[in-house]
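Each remark here refers to the structure printed beneath this line.
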Amino acid sequence: MNHSESLVLELSSHGLPRTIANRTRRVYDRLAEVYPLSARLFHARAHTCALEAAEVRDGMRVLEVATGSGELFRRVVRANPNGHSVGVDLSPNMARRTRRRIWREFPAASTLCQAVDARYMPFRDESFDVVFCCYLLELLAAEDIVRALGEIRRVLRPKGKMALVCIGQNVKHFNRIYKIAGGIAPAFWGRQVAHHVPALIEATEFRILKDCAIRQGFYPSRVLIAGRD
Ligand SMILES: C[S@@+](CC[C@H](N)C(=O)[O-])C[C@H]1O[C@@H](n2cnc3c(N)ncnc32)[C@H](O)[C@@H]1O
89 MNHSESLVLE LSSHGLPRTI ANRTRRVYDR LAEVYPLSAR LFHARAHTCA LEAAEVRDGM
149 RVLEVATGSG ELFRRVVRAN PNGHSVGVDL SPNMARRTRR RIWREFPAAS TLCQAVDARY
209 MPFRDESFDV VFCCYLLELL AAEDIVRALG EIRRVLRPKG KMALVCIGQN VKHFNRIYKI
269 AGGIAPAFWG RQVAHHVPAL IEATEFRILK DCAIRQGFYP SRVLIAGRD
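And the structure:
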């Protein structure tokens with residue numbers, strides 16, 4: 089058994105034995121109209137940290153995987169008005185909502201928003217300078233985390249950067265509540281994976297450049313910036 093397989097086995101014993109993508113798609117499709125509030129309340133600070141640390145410069149080709157309702161994506165487009173910004177999400181309603189908002193706010197920018205599964209991305213090898221992925225890995229089974237990270241690596245150019253945000257696992261009370269919520273609605277909450285993600289990132293042949301803990305109220309996040317050699 090190689091290193092990556094043993095990490096997958098270890099994480100598999102922590103819940104979500106398989107990805108329940110159809111249920112996840114349905115849940116997020118239904119929540120697309122109200123999701124912006126939750127993203128603003130809980131994710132905005134981690135988004136700021138990821139955006140700054142990834143050092144997006146105007147003119148780059150940038151991908152965001154699992155955009156949700158597009159709160160980070162619009163900030164990416166604002167930072168990259170003359171580049172090309174692509175956003176994907178499993179939920180067609182989330183992708184549509186993000187697309188409409190971006191067209192309204194940045195009609196002149198070169199953007200694309202589509203419903204795409206992060207495990208199988210329809211992009212050429214080495215076609216992006218930076219890839220963002222926030223709060224997705226919680227919703228994927230261990231082997232699909234490896235698959236999605238492999239896809240991100242494949243579409244990133246050499247020396248490109250991945251900015252990954254996970255739900256933090258450094259607040260005990262929060263962890264207890266999350267475990268209960270994840271047991272009740274696994275398709276929406278998934279389970280926490282932040283402790284396992286650095287080893288999985290390195291097993292996918294990324295180098296971790298930055299690792300920051302962020303709190304927004306009671307909600308913890310872990311922001312990881314990794315470079316592709
Ligand atoms: C917790 S939300 C996070 C949204 C956004 N990234 C943010 O930071 O607020 C998770 C998002 O991942 C999307 N998602 C779940 N599984 C996915 C997959 N296999 N491929 C792409 N997106 C996925 C969901 O539809 C949902 O919009």
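Sequential numbering from 89 applies to the sequence shown in this note's numbering.
Ideal Cβ positions, reconstructed from N, Cα and C, are used throughout, including at glycine.
Asked, Found
"With DSSP as the reference, please indicate the residues paired to residue 309 in a beta bridge.", "255 and 302"
"Based on Cα-Cα distance, which residue from 157, 198 and 172 lies nearest to residue 181?", "157"
"How long is the line joining the alpha carbons of residue 124 and residue 225, rounded to whole angstroms?", "19 Å"
"Taking contact to mean 3 or more Cβ pairs, one atom from each stretch, closer than 8 Å, check whether the segment 246 to 259 and the segment 98 to 114 are in contact.", "no"
"Quick check on the burial criterion: 16 or more other C-beta atoms within 10 angstroms. Buried or exposed for residue 200?", "exposed"
"For residue 90, count the other beta carbons within 10 Å of its own beta carbon; 16 or more makes it buried, fewer makes it exposed. Which is it?", "exposed"
"Quick check on residue 261: buried or exposed, where buried means 16 or more other Cβ atoms within 10 Å of its Cβ?", "exposed"
"Would you list the residues whose beta-carbon is nearer than 5 Å to any heavy atom of ligand 1, in the order they occur in the chain?", "112, 116, 127, 131, 154, 156, 177, 178, 179, 182, 205, 206, 222, 223, 224 and 227"
"Tell me whether the segment 195 to 211 and the segment 161 to 176 touch, counting them as touching only if at least three CB pairs, one residue from each stretch, are closer than 8 Å.", "yes"
"Taking 8 Å as the cut-off, decide whether the C-beta atoms of residue 256 and residue 308 are in contact.", "yes"
"Looking only at C-alpha atoms, which of 107, 92 and 145 sits nearest to residue 279?", "107"
"Determine the extent of the alpha helix (DSSP H) in which residue 185 is found, giving its start and end residues.", "180 to 193"
"Alpha carbon to alpha carbon, what distance is there between residue 209 and residue 149?", "15 Å"
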